[in-house]
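What follows is a short report on a single structure.
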Amino acid sequence: MDISLDKVIALLISLVCDKGLIYATVNTNGYWNNGNNVFPDRICVGWMIYIPSIILPELIPEAAKIVPVSDGEKQMGTIVVSTEEVFDGDNKEHIGKSNDIEIRLLDLGLLPLLTEL
23 MDISLDKVIA LLISLVCDKG LIYATVNTNG YWNNGNNVFP DRICVGWMIY
73 IPSIILPELI PEAAKIVPVS DGEKQMGTIV VSTEEVFDGD NKEHIGKSND
123 IEIRLLDLGL LPLLTEL
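Residues 23 to 139, numbered by the working numbering, are exactly what the sequence shown covers, in order.
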């Protein structure tokens, strides 16, 4: 199965636009299940996270990619991608990038508690 960054981003955009999701995250190889995220009581970043806020790329320099998501007329949120390659929840470098983004998002007030979702 060929998994590409662009295909997963397109799927995530489709989900948040069609289903009206407020937050969504994509992670692999047990990143969240194995407790590799920084804040166990908050949503994790993993490979990528959709946040219903406008985030400028300079606010998260740790991100591999920042993708604005619009409903056709205006921006409704942002996808923050931690790695260009397929995320591996067992890869220490990938875990570190995701952790750095989680810390940055918390500092920006954009990483909600799971109980707030």
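Glycine is no exception: its CB is placed at the ideal position from the N, C-alpha and C atoms.
Excluding its 5 nearest sequence neighbours in each direction, D93 has C-beta neighbours in its own chain below 8 Å: C39, listed in chain order. Where K96 is concerned, there is no enclosing alpha helix (DSSP H), because DSSP gives it neither an H nor an E.
Between the segment 48 to 58 and the segment 123 to 139, the count of C-beta pairs closer than 8 Å stays below three; the two stretches do not touch.
In this structure the segment 41 to 56 does not lie against the segment 80 to 93, because fewer than three pairs of beta carbons, one per stretch, are closer than 8 Å.
Here DSSP, grouped into helix, strand and coil, assigns V103 to strand. Per DSSP, the continuous alpha helix (DSSP H) segment holding V30 begins and ends at L27 to K41. The Cβ atoms of I35 and V108 do not sit closer than 8 Å to each other.
In this structure, I65 and L139 form a Cβ contact; the two beta carbons are roughly 7 Å apart against a cut-off of 8 Å. With respect to the 8 Å criterion, L37 and V103 are not classified as neighbours on the basis of their beta carbons. Separation of the CB atoms of Y72 and Y53 is rounded to 16 Å, and the pair is thereby denied contact status at 8 Å.
Going by C-alpha positions, T137 is about 11 Å away from P62.
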